[in-house]
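S.K.: Numbering (the UniProt record's numbering), first residue to last: 1 to 252. The beta carbon of each residue, even a glycine, is placed where N, CA and C say it ideally should be. A single structure is presented below for examination.
Right under this line is the structure:
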């Protein structure tokens, strides 16, 4: 699969993958600073953003999508970074293809299993009838019955687009809804990634906990953890300067 991506900046390649319901656009605020030092590849994973839709959606195929992208771009070895679902993708990739990863950065996700906790969001998104809504406000009013936080609704509705026939989802909502269990899967491998690995954790997030450190060490023995003060799960949006500082310090 040919993933959509945006290539900016100059220097050693740094490939960044977004999380569930997101897209490459989520990383623009971070990219403005990092592109001064690195060539950034901001990637839309399958069934998200402007990348193709497909019925198969799991970490096995997302890892192969990423490998195909590196092969297509002639990238032998890269710095690799992923947030949440993207973090699971890059962890799996580093275990499968360690020779392709110079350094690994995982943003606010651990190797363990996460139970499904997006059902209310999915109910809200599926409640939006694209054939009847007349405006984005109509969509927001419906979604607001399920998701009270304005910021989360604004993030989700970035995937609502328009074409000549009306409103369309950039995300493959039916496939994501059907296969949502795949997102929380734990890493299962007898391999290790021995390269330098940085886990970034939101101080106010519960995605990375003290009990996760043993799993991190099992798969990524050369790891470190940095907590971002004042940040929740979307740490790159909430505290972009702190994330940029930690990324630059680790990569240099």
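(1) Below 8 Å between beta carbons: does that hold for residue 205 and residue 108?
(2) Can you grab the Cα-Cα spacing for the pair residue 134 / residue 100, in whole Å?
(3) Between the region 125 to 132 and the region 152 to 170, can you find at least three pairs of beta-carbon atoms closer than 8 Å?
(4) In angstroms, rounded to a whole number, what distance separates the CA positions of residue 255 and residue 19?
(5) So within the region 10 to 68, which uninterrupted alpha helix (DSSP H) runs reach at least 4 residues, ignoring any that extend past its ends?
(6) Measuring straight from C-alpha to C-alpha, what distance separates residue 8 and residue 250?
(7) I'd like to know if the region 27 to 36 and the region 89 to 97 are in contact, where contact means that at least 3 CB-CB pairs between them fall below 8 Å.
(8) Just verifying my parser: in three-state terms, what is the DSSP assignment at residue 224?
(9) On the three-state DSSP scale, how would you describe residue 236?
(10) Can you tell which of 154, 106, 102 has its C-alpha closest to the C-alpha of residue 121?
(11) If you measure between the beta carbons of residue 130 and residue 175, is that distance less than 8 Å?
(12) Identify whether residue 84 lies in helix, strand or coil by the three-state DSSP scheme.
(13) Let me know the alpha helix (DSSP H) ranges lying completely inside the region 74 to 123, each 4 residues or longer, listed in chain order.
(14) Per DSSP, residue 192 forms a beta bridge with which residues?
(15) Given a cut-off of 8 Å on the beta-carbon distance, is the pair residue 228 and residue 202 in contact?
(16) For residue 248, tell me which candidate among 151, 198, 188 has the shortest Cα-Cα distance.
(17) Does residue 230 come out as helix, strand or coil in the three-state DSSP assignment?
(18) Run through the region 136 to 203 for me and flag every whole beta strand (DSSP E) of 3 or more residues, listed as ranges in chain order.
(19) Leaving out five residues on either side along the sequence, give the residues of the same chain with a beta carbon under 6 Å from the beta carbon of residue 242.
(20) According to DSSP, which residues form a beta bridge with residue 5?
(21) To which residues of the same chain is residue 111 closer than 7 Å at the C-beta, ignoring the five residues directly before and after it?
(22) Can you list, in chain order, the residues of its chain whose CB lies under 8 Å from that of residue 103, leaving out five sequence neighbours each side?
(23) Report the residue from 209, 35, 145, 60 whose alpha carbon sits nearest the alpha carbon of residue 85.
(24) Taking just the CA atoms, how far does residue 3 sit from residue 46?
(25) Given this structure, state the Cα-to-Cα distance separating residue 208 from residue 190, to the nearest angstrom.
M.R.: In short:
(1) Numbered from 1 along the chain shown, position 205 holds the residue referred to as residue 205. Numbered from 1 along the chain shown, position 108 holds the residue referred to as residue 108. Yes.
(2) Walking along the chain shown from the start, residue 134 turns up at place 134. Walking along the chain shown from the start, residue 100 turns up at place 100. Roughly 47 Å separates the two Cα atoms.
(3) Yes, they touch.
(4) Only positions 1 to 252 of the chain appear in this structure, which leaves residue 255 out of reach.
(5) The region 10 to 68 contains, as complete alpha helix (DSSP H) runs of 4+ residues, the segments 28 to 34 (chain order).
(6) As a position in the chain shown, residue 8 is number 8, starting the count at 1. As a position in the chain shown, residue 250 is number 250, starting the count at 1. The straight-line gap from Cα to Cα measures roughly 20 Å.
(7) Judged by Cβ distances under 8 Å, the region 27 to 36 makes no contact with the region 89 to 97, as fewer than three pairs qualify.
(8) Within the chain shown, numbered from 1, the residue matching residue 224 stands at position 224. Strand at residue 224.
(9) Here the question's residue 236 lines up with position 236 in the chain shown. Helix at residue 236.
(10) For the purposes of this step, residue 121 is taken as the residue at position 121 of the chain shown. Taking only the C-alpha atoms, the option nearest residue 121 is 154.
(11) Against the chain shown, residue 130 aligns to sequence position 130. Against the chain shown, residue 175 aligns to sequence position 175. With a cutoff of 8 Å on beta-carbon distance, residue 130 and residue 175 are scored as not near each other.
(12) Translated into positions along the chain shown, residue 84 becomes position 84. Note: residue 84 maps to coil in three-state DSSP.
(13) Runs found: 85 to 96.
(14) Here residue 192 refers to the residue found at position 192 of the chain shown. According to DSSP, residue 192 bridges with nothing at all.
(15) Locating residue 228 in the chain shown gives position 228, where the first residue counts as 1. Locating residue 202 in the chain shown gives position 202, where the first residue counts as 1. Result yes, Cβ atoms of residue 228 and residue 202 sit closer than 8 Å.
(16) Taking the chain shown and counting its residues from 1, one reaches residue 248 at position 248. For the residues 151, 198, 188, the minimum Cα distance to residue 248 belongs to 198.
(17) As a working mapping, residue 230 is identified with position 230 in the chain shown. If DSSP states are grouped into helix, strand and coil, residue 230 belongs with coil.
(18) Contiguous beta strand (DSSP E) elements confined to the region 136 to 203 occur at 160 to 163, 166 to 169, 197 to 202, taking only those with 3 or more residues.
(19) Stepping through the chain shown from its first residue, residue 242 is reached at position 242. Excluding residues within five positions, the ones whose Cβ falls inside 6 Å are 228.
(20) By one-based count along the chain shown, residue 5 stands at place 5. For residue 5, the pairing in a beta bridge is given by DSSP as 43.
(21) One-based indexing of the chain shown puts residue 111 at position 111. Counting only Cβ-Cβ distances below 7 Å, and skipping sequence neighbours, we find 91, 186, 187, 215, 216, 219.
(22) To locate residue 103, count along the chain shown from 1; it is residue 103. Within the same chain, and ignoring the five residues on either side of residue 103 in sequence, the residues whose Cβ sits closer than 8 Å to its Cβ are 79, 80, 195, 196, 197, 198, 250, 251.
(23) For the purposes of this step, residue 85 is taken as the residue at position 85 of the chain shown. The alpha carbon of residue 85 has as its nearest neighbour, out of 209, 35, 145, 60, the alpha carbon of 60.
(24) As a first step, residue 46 is located in the chain shown; it is residue number 46 there, counting from the start. As a first step, residue 3 is located in the chain shown; it is residue number 3 there, counting from the start. Roughly 7 Å separates the two Cα atoms.
(25) The count along the chain shown starts at 1 and reaches residue 208 at position 208. The count along the chain shown starts at 1 and reaches residue 190 at position 190. Looking at the two C-alpha atoms, the distance is approximately 22 Å.
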